[in-house]
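The block underneath contains the structure these notes are about, expressed in structure tokens.
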Amino acid sequence: MPILHEHFSPGSLIKEMEAHTDMVTAIDFDYPFGTMITAALDDTVRVWDLNVGRCTGFLEGHNASVRCLQIEDNIVATGSMDASVKLWDLSRARSRPRSSRINKHEDEEDAADDASQVSHSTTLEDCHVFSLDSHVGEVTALHFRGDNLISGSADKTLRQWDLVKGRCVQTLDVLWAAAQADTLNGDSTWRPSGRVPDASADFVGALQCFDAALACGTADGMVRLWDLRSGQVHRSLVGHTGPVTCLQFDDVHLVTGSMDRSIRVCCMLNP
Numbered sequence: 001m002p003i004l005h006e007h008f009s010p011g012s013l014i015k016e017m018e019a020h021t022d023m024v025t026a027i028d029f030d031y032p033f034g035t036m037i038t039a040a041l042d043d044t045v046r047v048w049d050l051n052v053g054r055c056t057g058f059l060e061g062h063n064a065s066v067r068c069l070q071i072e073d074n075i076v077a078t079g080s081m082d083a084s085v086k087l088w089d090l091s092r093a094r095s096r097p098r099s100s101r102i103n104k105h106e107d108e109e110d111a112a113d114d115a116s117q118v119s120h121s122t123t124l125e126d127c128h129v130f131s132l133d134s135h136v137g138e139v140t141a142l143h144f145r146g147d148n149l150i151s152g153s154a155d156k157t158l159r160q161w162d163l164v165k166g167r168c169v170q171t172l173d174v175l176w177a178a179a180q181a182d183t184l185n186g187d188s189t190w191r192p193s194g195r196v197p198d199a200s201a202d203f204v205g206a207l208q209c210f211d212a213a214l215a216c217g218t219a220d221g222m223v224r225l226w227d228l229r230s231g232q233v234h235r236s237l238v239g240h241t242g243p244v245t246c247l248q249f250d251d252v253h254l255v256t257g258s259m260d261r262s263i264r265v266c267c268m269l270n271p
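Numbering (UniProt numbering), first residue to last: 1 to 271.
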């Protein structure tokens with residue numbers, strides 16, 4: 001497998017691909033020149049071989065566009081506007097010709113075909129593992145690690161899933177739990193930042209779990225840290241003035257991005 005720094009200078013463009021005919025909503029890859037998964041508002045989820053820069057097939061099963069996804073060791077999780085989360089195992093996939101186009105922009109797709117050498121005729125079958133269907137609003141964020149998956153939805157809940165049993169083991173009401181945490185801190189409002197959530201933004205914009213810790217960024221600009229063992233918020237971080245759209249944390253730092261056009265780094269070791 002090529003090592004990036006041995007072949008490319010820092011900041012250089014490695015490859016550009018014409019992938020979709022509408023806005024890309026989610027993307028993830030396992031390692032450089034490995035497998036990449038992309039989703040877009042053209043209602044397709046595409047699997048890519050980054051070694052050759054080609055689409056190898058489609059993951060078909062959702063009834064609406066996919067908003068979030070993750071790939072880990074050939075396992076793909078996708079969260080959709082149809083309120084479901086689906087699990088896929090790419091190691092079990094076999095290809096078959098697609099009987100009909102599901103893309104709503106057929107002419108544009110044909111043009112993209114010529115430009116990017118994307119294979120628009122292959123569906124990856126037999127790789128769908130199961131569906132997780134408890135949400136009642138579109139799924140806008142997810143993260144899984146091992147046998148544990150967390151999903152966030154426009155229904156203003158977070159759900160914890162056992163991927164071995166394929167069922168929801170805990171539901172966290174974001175509004176209620178945040179209000180409880182703020183009340184314990186002597187604040188009767190659930191938004192200590194004073195912001196009204198942006199109606200055009202995803203209520204749950206980003207999340208990540210690590211063991212029993214969960215970080216969740218929401219449309220009111222807050223990042224809340226949860227303990228999955230108790231289902232309680234134990235820390236709320238104020239700072240962003242716009243909806244939180246992405247985050248990443250380890251045992252030392254939490255990095256967040258927002259529609260306020262800022263990126264913030266928080267030291268997790270501070271009290």
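Built from N, CA and C at the ideal position, the CB exists for glycine as well.
Under DSSP, D227 takes part in a beta bridge, and its partners are A213, Q232.
By the Cβ-count criterion, A212 is exposed, with fewer than 16 other Cβ atoms from all chains shown falling within 10 Å of its own Cβ. Cβ neighbours of W226 within its own chain (closer than 8 angstroms, five residues either side excluded): L158, L172, A177, A213, L214, A215, C216, Q232, V233, H234.
If you look at H7, you'll find it in the alpha helix (DSSP H) that goes 4-7. By the Cβ-count criterion, F8 is exposed, with fewer than 16 other Cβ atoms from all chains shown falling within 10 Å of its own Cβ. DSSP assignment within the region 238-263 yields the following whole beta strand (DSSP E) runs of 3 residues or more, N-terminal first: 244-249, 253-258. With a cut-off of 8 angstroms on Cβ pairs, the region 125-132 is in contact with the region 82-94, counting three or more such pairs. F130 sits exposed, since fewer than 16 C-beta atoms from the chains shown fall within 10 Å of its C-beta. Under DSSP, S153 takes part in a beta bridge, and its partners are V139. Here the alpha carbons of D250 and T25 stand approximately 25 angstroms from one another. Pairing L149 with V204, the inter-Cα distance amounts to about 15 angstroms. Counting along the chain, no beta strand (DSSP E) covers A219, and no H or E run does either. Short of 6 angstroms from the beta carbon of C168, and not among the five residues preceding or following it, lie these beta carbons of its own chain, in chain order: S134, R159, W161. Taking C-beta separations shorter than 6 angstroms and ignoring five residues to either side along the sequence, the partners of G257 in its chain run T245, C246, I263, following chain order. Of the other Cβ atoms in all chains shown, 16 or more fall within 10 Å of the Cβ of Q208; this residue is therefore buried. Using a Cβ distance threshold of 8 angstroms, A201 and V139 do not count as a contacting pair. Using a Cβ distance threshold of 8 angstroms, K15 and G53 count as a contacting pair.
The C-beta distance from Q248 to V255 rounds to 5 angstroms, short enough to fall under 8 angstroms. Around R67, the same chain offers T25, A26, G79, S80, M81, E138, V139, T140 as residues with beta carbons nearer than 7 angstroms, after the five sequence neighbours per side are excluded. DSSP links F58 through a beta bridge to R46, T123.
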